[in-house]
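Down below is the structure, laid out as structure tokens.
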Amino acid sequence: MDISPPREKKKKKVSKKKQMQVLQQRIYNLENCLSNRKRYTTTLMPWEEVAKALKEDTLEQVRANRTLKREVEMQKELYAALTAWISRMTPSRKTPSVYEETWQHSHLLKGNDYSRRTAQNWIVQQSYHNTQRAMAHLPFPDSTETYIDVQMLMNEDGNAFQIHCFSQHVVSFTLEQVSSAFWVAENSFTEYRRSRALPTFEQLGSYSQGDLRYDCEDQPNTATQKMRNNCLHGRIRDEDRTTVVCRTIITDEAFPMLDSSVWTMDIKQWTVADRIGPHATRLRTFYTIDHPKTIKGTVPMEEIANLFGLPYDGQFLFKLSERMRISQTFQRELFHEHLEKVLDIMS
3 MDISPPREKK KKKVSKKKQM QVLQQRIYNL ENCLSNRKRY TTTLMPWEEV AKALKEDTLE
63 QVRANRTLKR EVEMQKELYA ALTAWISRMT PSRKTPSVYE ETWQHSHLLK GNDYSRRTAQ
123 NWIVQQSYHN TQRAMAHLPF PDSTETYIDV QMLMNEDGNA FQIHCFSQHV VSFTLEQVSS
183 AFWVAENSFT EYRRSRALPT FEQLGSYSQG DLRYDCEDQP NTATQKMRNN CLHGRIRDED
243 RTTVVCRTII TDEAFPMLDS SVWTMDIKQW TVADRIGPHA TRLRTFYTID HPKTIKGTVP
303 MEEIANLFGL PYDGQFLFKL SERMRISQTF QRELFHEHLE KVLDIMS
């Protein structure tokens, strides 16, 4: 009987390549296991953090709810103001036309800031979309020369006039420079007419802001007659063109005209700045000025003759027309001068 110890079986020799494959498979399996654990394992957040998150979410919902309530109230106020305004309006007797102006004079509602801003934007957009109709008939020169034309037209009854003025001016600046400088010059021209003072550095920053501006201006035309124009200015930028519109607000319910001695005039103005070269911009302006009015109605011709020191006789209208032509031409030339100076200090 063989009582010798059993012999150990010889281990099978595994190649290094096989070992490497086994290890790689094991690594792959472990990575998959780890990935699955990370994906499905959840960690409980502390109650303090949960409560804080819920509180912040609640506050956000409260803020959103308050904002919506304010928006609803503003829309209700705007609806009430528009309803009351429309009920007071007299329908226009003219049929709307793309060739003839049929709108009524500008009217700004009394209301909150939101309502008034909405109304101002609407008036500006109305003026902007009438630019082509207003300027299409004007014989602007094809050249780049500076050109100014002023005419005084009379109504059928001969008791009221309307001034028409159109001008062209070309400047050696880019459209972007002119768009910024013109907005500043337009909004600072009243002061320049008074004192020939250019805007200060602080005023340049103030005048450059925004594309909508509403001012109550005391006109410096004369020292013997009180005149007030509530002027609304708007600027619309396109790729190769900038349009600036201006309208006087004849009726502003927030600031009613109470003094019957104060004159006001309905003024509509359009300025189109076109890019005609890399460093050349053409400015074309057209504006109309209606016969002066007060809260009582149209100012009589006799009062206008007295204001200008002209005899009210058969030559009055001719002399008044010449006076208007000279004064409006000078005003256009003065504005071109002002614009050039503003361009210089802003460039």
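According to my numbering, the stretch in the sequence shown is residues 3 to 349, in order.
The beta carbon of each residue, even a glycine, is placed where N, CA and C say it ideally should be.
None of the values given here were measured: they were computed from a predicted structure.
- DSSP, read as helix, strand or coil, puts residue 29 in helix.
- DSSP lists 296 as the bridge partner or partners of residue 299.
- Contact annotation, residue 110 with residue 253: C-beta distance approximately 7 Å; criterion of less than 8 Å satisfied.
- By the neighbour-count criterion, in which a residue is buried when 16 or more other Cβ atoms sit within 10 angstroms of its Cβ, residue 29 is exposed.
- In this structure, DSSP gives residue 108 a state outside helix and strand, which the three-state scheme calls coil.
- Close CB contacts of residue 325 within its chain, under the 7 Å cut and outside five residues either way in sequence, are with 310 (chain order).
- Counting only runs of 3+ residues, the beta strand (DSSP E) found wholly inside the segment 247 to 323 occupies 269 to 279, 282 to 292, in chain order.
- Here residue 295 has 252, 265, 266, 267, 268, 301 as same chain residues with Cβ atoms under 8 Å from its own Cβ, once five neighbours each way along the sequence are excluded.
- For residue 115, the enclosing alpha helix (DSSP H) begins and ends at 115 to 130.
- For residue 163, the enclosing beta strand (DSSP E) stretches over residues 163 to 173.
- Counting along the chain, no beta strand (DSSP E) covers residue 211, and no H or E run does either.
- Per DSSP, the unbroken alpha helix (DSSP H) holding residue 59 starts and ends at 49 to 90.
- Cβ neighbours of residue 171 within its own chain (closer than 7 Å, five residues either side excluded): 148, 285, 338.
- The alpha carbon of residue 345 has as its nearest neighbour, out of 323, 187, 288, 257, the alpha carbon of 187.
- Within a 10 Å sphere around the beta-carbon of residue 22 sit fewer than 16 other beta-carbons, which makes this residue exposed.
- Excluding sequence positions up to five before and after residue 76, its CB lies within less than 6 Å of the CB of 116, all in the same chain and listed in chain order.
- Nearest neighbour of residue 134 by Cα position, chosen from 305, 271, 340, turns out to be 271.
- For a cut-off of 8 Å, the C-beta gap from residue 234 to residue 64 is around 38 Å, too long to register as a contact.
- In the structure shown, the three-state DSSP call for residue 195 is helix.
- Ranked by Cα distance from residue 288, the first of 273, 280, 196 is 273.
- For residue 152, DSSP records a beta bridge to 167.
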